[in-house]
Amino acid sequence: MKLSILIFLFFGLALNKVSAQNAFRELVVSPDDLIGGPRINYMQGKDGFLGLAFNLGWHETGYLPLKHVGFAIGSDIKLSNSLLMAPKITLEYRYLVGIVRLTYLYYTDFNRTFENRVSAEIGFSLLGFADLTYAHTFGFNNDPFNLGNDYFNLTISFPLIMKGL
357 MKLSILIFLF FGLALNKVSA QNAFRELVVS PDDLIGGPRI NYMQGKDGFL
407 GLAFNLGWHE TGYLPLKHVG FAIGSDIKLS NSLLMAPKIT LEYRYLVGIV
457 RLTYLYYTDF NRTFENRVSA EIGFSLLGFA DLTYAHTFGF NNDPFNLGND
507 YFNLTISFPL IMKGL
């Protein structure tokens with residue numbers, strides 16, 4: 357008898373806790389928002405790159421950003437005396453303070469030399485607007501630009517478009 361009462365109380369409290377969490381979530385979470393704007397990034401590895409892109413994504417917010425799914429289109433430029441440019445397309449997923457990105461880059465020096473690369477990134481996000489990630493790139497050519505594969509990437513986004521869906 358006492359055991360059945362304890363089990364009933366345990367499940368009753370557990371169900372109340374779940375319903376309380378759902379009620380709290382409804383209060384603090386807004387519907388998805390469309391968010392977009394420019395972003396700048398600085399990548400440092402064997403060489404430094406400065407990038408500019410336009411990003412667009414769907415953002416679920418509360419008191420803090422909860423999750424974000426988005427993409428960006430832009431370009432990186434090598435910071436050295438020789439011109440090397442890398443147009444890029446990025447897909448990203450952010451949840452709380454973590455972020456994962458997958459990027460396709462097309463490096464070119466405009467002299468018939470090019471290299472296709474895919475970059476996988478993982479890191480931390482501060483309120484969804486400043487990210488610090490570790491990136492590893494995978495090349496498909498023989499690395500004609502001697503770029504290296506490992507980078508740290510600092511990205512800052514400036515949301516200019518915010519629209520509730």
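Mapping of the sequence shown onto this note's numbering: residues 357 to 521, in sequence order.
All C-beta atoms, glycine included, are put in the ideal place defined by N, C-alpha and C.
Around the beta carbon of residue 397, a 10 Å sphere encloses 16 or more other beta carbons of the protein chains shown; the residue is thus reported as buried. When Cβ pairs closer than 8 Å are counted between the two stretches, the region 469-480 is seen not to touch the region 421-436, the count staying below three.
Residue 443 is bridged by DSSP to 431. Around the Cβ of residue 415, a 10 Å sphere holds 16 or more other Cβ atoms; the residue is buried. In terms of Cα proximity to residue 508, the closest of 517, 489 and 467 is 489.
The Cβ atoms of residue 506 and residue 455 do not sit closer than 7 Å to each other.
Rounded to whole angstroms, residue 408 and residue 453 show a C-alpha spacing of 23 Å.
Residue state for residue 468 is assigned as coil, using DSSP reduced to three classes.
In the structure shown, residue 394 falls within a strand segment according to DSSP collapsed to helix, strand and coil. For residue 509, the uninterrupted beta strand (DSSP E) segment begins and ends at 506-513. Here the alpha carbons of residue 448 and residue 400 stand approximately 20 Å from one another. With contacts defined by Cβ atoms closer than 7 Å, residue 393 and residue 482 do not form a contacting pair.
Of the candidates 479, 438, 445 and 513, the residue whose Cα lies closest to the Cα of residue 503 is 438.
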